[in-house]
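Residue numbers for the sequence shown follow numbering that gives the first Met the number 0, so the first one is 0 and each next one is one higher. Ideal Cβ placement from N, Cα and C applies to all residues, glycine included. None of the values given here were measured: they were computed from a predicted structure. Notes for the one structure printed next.
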Amino acid sequence: MIFAIWYIFRILKKSLFKEKTKKVQILTFLKIDAVIFVFLGGVILLDKFMPKIGPSFSYPWWLPLVLGVVSLGVYYSWEKAAKSRGI
């Protein structure tokens with residue numbers, strides 16, 4: 000994980016002051032996507048082949064969706080409150 004984050008920041012640092020052509024932007028985007036794809040693929044494969052130890056629990060598919068919507072609502076509420084107070 001540390002390597003993936005380091006490499007993404009390295010890509011961004013190198014592309015930060017380059018000319019902003021469409022080709023450079025697409026290549027930067029593809030490089031970052033490739034790093035994320037390889038990292039997440041490795042995590043999924045590691046989880047698939049590692050022996051299961053300890054207790055496990057399951058939750059319904061809609062729970063992360065509901066938590067995401069609630070988090071988004073809280074974020075926009077706090078943002079609106081901060082703007083009204085001039086923060």
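Just to check my reading of the structure: residue i and residue j have Cβ atoms closer than 8 Å, yes? What is that Cβ distance to the nearest angstrom?
i     : j      : result
Tyr-6 : Val-34 : 5 Å
Helix, strand or coil: which one does DSSP assign to residue i?
i      : result
Trp-60 : coil
Ser-70 : helix
Gly-85 : coil
Lys-79 : helix
Ser-55 : coil
Lys-30 : helix
Lys-13 : helix
Lys-21 : helix
Indicate whether residue i and residue j have their beta-carbon atoms separated by less than 9 Å.
i      : j      : result
Ile-10 : Ile-43 : no
Ala-3  : Phe-56 : no
Whole angstroms is fine: what's the gap from residue i's alpha carbon to residue j's?
i      : j      : result
Gly-85 : Leu-71 : 21 Å
Met-13 : Val-23 : According to the sequence provided, residue 13 is Lys. The question's Met does not apply to it. Approximately 11 Å between the Cα atoms of the pair.
Val-65 : Tyr-58 : 12 Å
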